[in-house]
Structure formats: structure tokens, C-alpha cells
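Only one structure is covered here, and it is reproduced in the block below.
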Amino acid sequence: MARRSAIVATGQTDFVARRLDVSIAEMIREAVDRCLAQRDLDGSRVDAVVIGNMELFEGLHMPEQLMVAALGGGGRPVYKLNTGGTVGASVAVMCDHLVRSGLHDVVLGIGYEKQSEGDSQGNITTVGDPIWERSVMAGAIGNFAVMASTYVNESGVTAEQAAKVAVKARRNACLNPHAHLKKPNITVEEVLSSRMLAAPVRLLDMCPTSDGAAAALFAAEDLAPRLAPRPAWVAATATAHDQQFMGDSPRRLADMRSLQAATRTVYRAVGISDPRRDLDVAEIYEPATYAELAMYENCGFCERGKGGTLIDEGVTELGGELPVNPSGGVLSTNAVGATALVRVIEAALQVMGEAGEHQVPGARTALATGYGGNAWTEALILTSERP
Amino acid sequence: MSGVGASADEPLRLPLTVRLPYDYAVGRYGSRFMTALRDEGKFYGTRDPVSGAVLVPPRPINGMTGEHLDEWVEVGPAGTVTGCTIVETPFVDPMTGRQRPIPYGFAFIRLDGADTNIYHFLEASRHEDIRVGMRVEAVFKPRAERVGSLADVICFRTLEP
Numbered sequence: 001m002a003r004r005s006a007i008v009a010t011g012q013t014d015f016v017a018r019r020l021d022v023s024i025a026e027m028i029r030e031a032v033d034r035c036l037a038q039r040d041l042d043g044s045r046v047d048a049v050v051i052g053n054m055e056l057f058e059g060l061h062m063p064e065q066l067m068v069a070a071l072g073g074g075g076r077p078v079y080k081l082n083t084g085g086t087v088g089a090s091v092a093v094m095c096d097h098l099v100r101s102g103l104h105d106v107v108l109g110i111g112y113e114k115q116s117e118g119d120s121q122g123n124i125t126t127v128g129d130p131i132w133e134r135s136v137m138a139g140a141i142g143n144f145a146v147m148a149s150t151y152v153n154e155s156g157v158t159a160e161q162a163a164k165v166a167v168k169a170r171r172n173a174c175l176n177p178h179a180h181l182k183k184p185n186i187t188v189e190e191v192l193s194s195r196m197l198a199a200p201v202r203l204l205d206m207c208p209t210s211d212g213a214a215a216a217l218f219a220a221e222d223l224a225p226r227l228a229p230r231p232a233w234v235a236a237t238a239t240a241h242d243q244q245f246m247g248d249s250p251r252r253l254a255d256m257r258s259l260q261a262a263t264r265t266v267y268r269a270v271g272i273s274d275p276r277r278d279l280d281v282a283e284i285y286e287p288a289t290y291a292e293l294a295m296y297e298n299c300g301f302c303e304r305g306k307g308g309t310l311i312d313e314g315v316t317e318l319g320g321e322l323p324v325n326p327s328g329g330v331l332s333t334n335a336v337g338a339t340a341l342v343r344v345i346e347a348a349l350q351v352m353g354e355a356g357e358h359q360v361p362g363a364r365t366a367l368a369t370g371y372g373g374n375a376w377t378e379a380l381i382l383t384s385e386r387p
Numbered sequence: 001m002s003g004v005g006a007s008a009d010e011p012l013r014l015p016l017t018v019r020l021p022y023d024y025a026v027g028r029y030g031s032r033f034m035t036a037l038r039d040e041g042k043f044y045g046t047r048d049p050v051s052g053a054v055l056v057p058p059r060p061i062n063g064m065t066g067e068h069l070d071e072w073v074e075v076g077p078a079g080t081v082t083g084c085t086i087v088e089t090p091f092v093d094p095m096t097g098r099q100r101p102i103p104y105g106f107a108f109i110r111l112d113g114a115d116t117n118i119y120h121f122l123e124a125s126r127h128e129d130i131r132v133g134m135r136v137e138a139v140f141k142p143r144a145e146r147v148g149s150l151a152d153v154i155c156f157r158t159l160e161p
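Each protein sequence line maps, in turn, to chains A and L.
For the first sequence, this note's numbering begins at 1 and goes up steadily by one.
For the second sequence, this note's numbering begins at 1 and goes up steadily by one.
Structure (C-alpha cells):
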């Protein structure tokens with residue numbers, strides 16, 4: 001039996017549209033400093049670093065160079081990942097595996113993006129195969145809208161139900177000091193009258209593009225309780241991939257095969273039979289309102305076709321039976337390479353009892369997911385109790 | 001370079017435009033598909049010998065089953081829309097570097113005989129003119145203008161009155 005790892009410290013920059021005052025390296029350093037300062041640690045405790053982002057967004061192909069600036073010195077093992085939008089969660093899973101394997105005792109995971117420095121919409125088309133997809137692709141929004149239309153057609157979810165997700169996210173964001181898009185007075189009507197980008201997706205149905213970085217420190221089971229008063233234990237991780245081309249998954253959002261596979265794997269690993277009952281909180285990777293509703297179904301929070309009902313009944317509100325994205329989620333903050341790591345960090349803060357104003361009282365078991373690239377999923381269960 | 005003791009009261013930027021050309025091999029399966037598209041105006045997929053699924057784009061391996069695929073099957077040129085939108089937000093086409101004129105129709109299309117979808121454009125600019133389940137057919141460029149690319153198909157247009 002491999003040893004366990006736990007998240008003992010986390011740090012996030014305050015996400016905004018444009019960080020004009022810092023370079024990429026300085027921005028990463030800010031997140032790392034905040035992470036280490038949370039437990040009054042210094043960088044010498046770190047045995048290895050895992051970093052991930054969307055390299056084409058900034059046009060910098062070797063982000064691992066930045067480790068020297070971010071940590072104050074080289075000479076340590078550095079691992080670089082790029083799994084598309086999923087990458088921050090892949091960073092977390094790899095940090096866990098490096099500790100569990102016994103290879104390293106303390107591993108720092110970093111995710112970042114400075115989207116203001118490049119053309120994210122144009123760059124994201126490079127996820128499409130140049131021969132088969134790119135010449136006939138729209139940007140992220142057009143691609144997403146096509147997938148959303150399939151889900152809407154099958155499930156019958158309404159624009160009003162999607163708008164409620166937008167309202168929940170931007171109100172929750174007001175309770176999160178790091179969140180980007182905060183709208184305390186947002187209404188369903190405001191979402192429904194925001195500019196149509198690509199039907200059914202309106203401006204306020206989509207995530208923003210943000211600048212920011214996030215860092216999380218993973219430690220082995222013997223060290224973790226000494227480094228943090230209440231570590232967030234990594235109880236289970238799972239990774240699942242789908243097919244080669246965008247159109248291969250027959251119904252995309254309506255049937256997210258990799259999300260179903262990864263969440264069922266981690267549920268089984270920790271003995272969760274009814275996620276709505278057994279999870280205290282979830283931080284999921286919802287790039288748009290319709291995706292959140294589809295993810296309720298694919299994560300097993302409700303029956304197929306009932307995603308809209310879940311938001312209508314307030315189940316996923318902060319204060320509901322299963323709060324989803326009390327941080328404000330991707331809909332409020334999206335520096336892509338950091339985004340999935342922020343899901344893991346926010347889940348960790350919840351089970352550590354350190355989420356501040358958006359704390360779910362008594363949260364002990366949390367789900368975090370990353371979903372991106374070509375339908376790639378990472379899923380993690382974090383617990384306050386040592387598994 | 002600033003001198004010692006200088007401070008940065010105003011954050012500086014470095015604008016940079018990079019042009020990076022690529023030259024991709026279309027591959028054995030891709031070249032066969034694109035040649036038929038160019039010369040015959042026909043689409044082909046490859047069939048999984050076990051599940052019977054016909055995959056478009058054609059490929060040598062079914063990622064979900066691991067089966068080797070070498071049976072070629074004609075599909076289309078008509079098909080069914082399985083997802084669709086009218087894109088109304090500006091977007092720079094990475095293939096041309098220019099902004100695509102908006103609004104334009106964009107869809108997942110399941111070609112008749114295929115079990116997977118391909119992205120393509122719809123001949124439509126109003127949301128009320130498109131729907132999931134709509135029957136469509138491929139609109140080809142004239143033979144002389146076709147080069148062996150998915151862009152040899154201009155768009156898909158409705159088969160419904």
C-alpha cells in the first residue's frame with residue numbers, strides 16, 4: 001500500500017483581466033509566496049515542482065524556465081505538464097502520485113495563465129487537428145455552443161435554468177477574495193439579456209479570461225500533520241481520456257464519458273454510493289452555465305435530464321444540500337492553466353475549514369474535477385479525515 | 001536598460017507578432033479521404049470490424065476498442081445536424097489570420113452511414129433557420145478549385161423546405 005499525501009498549503013493570486021504590473025515569473029512567484037506563507041514555510045522544504053499551463057496562450061514553450069524565478073533557485077526536479085484546460089488538476093494528481101510513490105516528500109504544484117498576453121480564442125483552435133478540424137472550427141465559444149445545443153435538445157434545460165447558474169457563480173464569487181468576476185446584484189434577467197455570443201450561449205453564460213497563478217503544496221503522510229493544522233488528504237484520484245477527434249464523442253456535453261468514468265472511479269475508491277448525499281461540496285470545471293448543468297448529471301449528482309431541476313431547487317447553492325463551486329467557479333475566474341488547480345485548492349480549503357466567507361460549514365469530503373483538452377477528465381476526492 | 005536606482009512607475013509592454021508556418025503530412029488514411037473528396041466529391045469512413053461503427057475521419061485504429069480499421073465505406077454527402085449554433089461573436093480564423101464574417105452557422109454533422117460527427121459550417125445566419133436533427137447536404141467547391149481539404153466543402157445546406 002502506497003503512502004498517502006495531503007495538501008498542506010495553498011496560494012492564489014487575486015485573479016483579474018490584466019496583470020500589467022508583473023511578468024509571468026513575478027506572477028507565479030506571488031502565488032508561491034502566498035502558498036508558503038500560509039504555513040510560514042520557505043522554499044527549501046520543497047523537493048520537487050510540477051508546473052502546467054497552456055503554453056501557446058503566452059507563446060512561451062518552456063514555462064519550466066520560470067521555476068528559477070518562482071522558487072529562488074534551480075537544482076530541483078521540475079516536471080512540466082500540458083493536458084489542456086485540465087492541466088491544473090493533472091498537476092495536482094501528479095503531485096499526489098510523486099508523493100505517494102515515495103519519490104519525493106514535499107512537492108509544489110503550480111498552474112498559471114496570463115491570458116491578457118496572447119489571443120486565447122485564436123490559440124485555443126490549435127487544440128483542433130490541423131487536417132480534420134481547424135479549417136472548419138469556430139473559437140472556444142462556437143465549439144462550446146454546438147455541444148451545448150445537443151445537451152439542450154436532449155435534456156430540455158432552459159435558458160432561465162442556465163442563467164441561475166450564472167447568478168449563483170457571480171454571487172458566490174463576491175465571497176471569494178481571489179475571484180475575478182464579482183456581480184453582487186446580478187439577476188436572471190440580466191443574464192438573459194446579455195449579448196448573444198453563439199446560441200444558446202450568452203455573454204454572462206461564459207467564463208471570463210483571467211490573469212493569475214495558483215500553487216499547492218503536497219506532503220507525505222508523516223509530514224503533513226506537522227505542516228498543517230488540518231491537512232486536506234488526497235483520498236482518491238482518477239484520470240480518463242476520450243476519443244481522438246472532437247466529433248467522436250457522440251453527444252459531448254450530454255454524455256461526458258470521461259467525466260462519468262473518472263468520477264465513478266473515485267467514488268468507488270472511497271465508498272461513495274450517492275454523491276449528492278455523501279459529498280459535502282464539489283468544485284467542478286464548468287466553463288459555461290450549460291456545462292455545469294450537464295456536469296451535475298454526468299457527475300451523478302442527479303438523474304439524467306435533471307440538471308435543470310437541481311439548480312431550480314437550490315441544491316447546489318451555498319447553503320444547499322450539495323454546494324457546487326462556492327468559490328464562484330470557472331464562470332467567475334478563468335486563468336486556464338491555473339483553473340483546474342484552483343478547483344483542487346478550493347476543495348482543499350473547504351475540507352481544511354479555511355475557505356473563509358464561502359466555507360461550507362463542516363465540509364469533510366469534497367470532489368474536485370478538471371475537464372478540458374479533448375474531453376480529458378481528472379477527478380479527486382479530498383477529505384478532512386486521513387483515509 | 002534602466003540605470004541603477006531607477007524605478008518603474010509605468011509598467012512597460014512588449015508587443016510581438018509571430019508568424020509561424022507549418023507544413024503537415026495529411027497521412028495515408030487522410031490522403032485517401034481527401035483525394036476522394038477532391039476528385040469524386042465523396043466522403044469515406046473506416047469501419048470497425050467488431051462493433052461495426054463507421055468512423056469519420058477515417059483512421060487506422062478505433063481508440064475506444066483498439067481494433068484495426070481497414071474497410072473503407074462511403075458516407076454522406078447528406079447528413080443530420082447533431083449540434084448547431086449561429087456564431088455571433090468575432091473570431092480570428094487561425095488558418096487565414098483574418099476575422100471570419102459574422103454571423104455564420106456552425107455545426108456537428110453526422111454524415112449518413114457514419115457513427116461520429118464532423119465539424120463544418122452551415123449555410124444559415126439566423127438561429128430560427130437551424131435545429132438539431134435538421135437534414136443537410138454538402139455544398140462542394142467547383143472541381144477545379146478543390147485542393148484536397150475539408151475546405152473543399154464550402155458548407156452544409158438544409159435539405160428541408
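Beta carbons are placed, not taken as given, at the ideal position from N, Cα and C, and that holds for glycine.
If you look at His120 (chain L), you'll find it in the beta strand (DSSP E) that goes 118 to 122.
Look at Pro130 (chain A): its C-beta is under 8 Å from a C-beta on chain L.
The alpha-carbon separation between Trp376 (chain A) and Ala240 (chain A) amounts to approximately 6 Å. Residue burial annotation: Ser44 (chain A) is exposed, with fewer than 16 other C-beta atoms found within 10 angstroms of its C-beta. As for any alpha helix (DSSP H) of minimum length 4 sitting wholly inside the region 202 to 270 of chain A, the runs are 224 to 227, 257 to 270, ordered along the chain. Per DSSP, reduced to three states, the secondary structure at His97 (chain A) is helical. One alpha carbon belongs to Gly128 (chain A), the other to Val26 (chain L), and they sit about 14 Å apart. Using a C-beta cut-off of 8 Å, the region 298 to 311 of chain A makes no contact with the region 344 to 357 of chain A, since fewer than three inter-stretch Cβ pairs fall below that distance. Contact between the region 242 to 254 of chain A and the region 353 to 369 of chain A is absent: fewer than three C-beta pairs spanning the two stretches fall below 8 Å. Interface annotation, Leu197 (chain A): in contact with chain L, CB-CB separation under 8 Å. Against chain A, a Cβ distance below 9 Å from Ile154 (chain L) picks out nothing, because the smallest value is about 10 Å.
If you keep only unbroken alpha helix (DSSP H) runs of at least 4 residues inside the region 324 to 380 of chain A, you get 329 to 332, 336 to 352. With fewer than 16 other Cβ atoms inside 10 Å of its own Cβ, Gln99 (chain L) counts as exposed. Measuring C-alpha to C-alpha distances from Thr82 (chain L) to each of L:Gly105, L:Arg59, L:Asp115, L:Val132 identifies L:Val132 as the nearest. Within 8 Å of the CB of Gly30 (chain L), the CB atoms of chain A belong to Ile131, Trp132, in sequence order along the chain. The three-state secondary structure of Ala89 (chain A), taken from DSSP, is helix. Residues of the region 80 to 107 of chain L that bring their beta carbon within less than 7 Å of a beta carbon in chain A comprise Thr82, Gly83, Cys84, Thr85, Ile86, Val87, Glu88, Thr89, Phe91, Val92, Pro94, Met95, Phe106, Ala107, in sequence order. Within chain L, the residues whose beta carbon sits less than 7 Å from that of Asn153 (chain A) are Val132, listed in sequence order. Exclusion of the five residues before and after Lys114 (chain A) leaves Ile24, Glu58, Asp211 as the residues of its chain whose Cβ lies within less than 6 Å of its Cβ.
Secondary structure of Arg276 (chain A) (DSSP, three-state): helix. In the DSSP assignment, Ala282 (chain A) forms a beta bridge with A:Val324, A:Leu367.
Annotation: the continuous beta strand (DSSP E) that includes Val139 (chain L) extends over 135 to 140.
Between the alpha carbons of Val324 (chain A) and Glu88 (chain L) lies a distance of about 30 Å. Val146 (chain A) has a beta carbon lying within less than 8 Å of a beta carbon in chain L.
Spanning the alpha carbons of Asp112 (chain L) and Val201 (chain A) requires a straight line of approximately 28 Å.
By alpha-carbon distance to Gly328 (chain A), the top candidate from A:Leu227, A:Ser193, A:Leu259, A:Thr289 is A:Thr289. The contact set of Ile141 (chain A) on chain L, defined by CB atoms closer than 7 Å, consists of Thr89 in chain order. In this structure, the straight-line span from the alpha carbon of Ala213 (chain A) to that of Val147 (chain L) is close to 44 Å.
By the CB criterion at 8 Å, Val56 (chain L) and Ala114 (chain L) fall inside the cutoff. Short of 6 Å from the beta carbon of Glu123 (chain L), and not among the five residues preceding or following it, lie these beta carbons of its own chain, in chain order: Cys155, Arg157. Note that the region 265 to 280 of chain A touches the region 233 to 247 of chain A; at least 3 beta-carbon pairs, one per stretch, sit closer than 8 Å. In the assembly as shown, Tyr22 (chain L) is an exposed residue. Its beta-carbon has fewer than 16 other beta-carbons within 10 Å. Note on Asp9 (chain L): under 16 other CB atoms within 10 angstroms of its CB, so exposed under the neighbour-count rule. Proximity of chain L to Gln244 (chain A) at the Cβ level (cut-off 8 Å) is accounted for by Arg59, Gly63, in chain order. According to DSSP, Trp132 (chain A) shares a beta bridge with no other residue. Neighbourhood of Val18 (chain L) in chain A, by CB distance below 8 Å: Gly59, in chain order.
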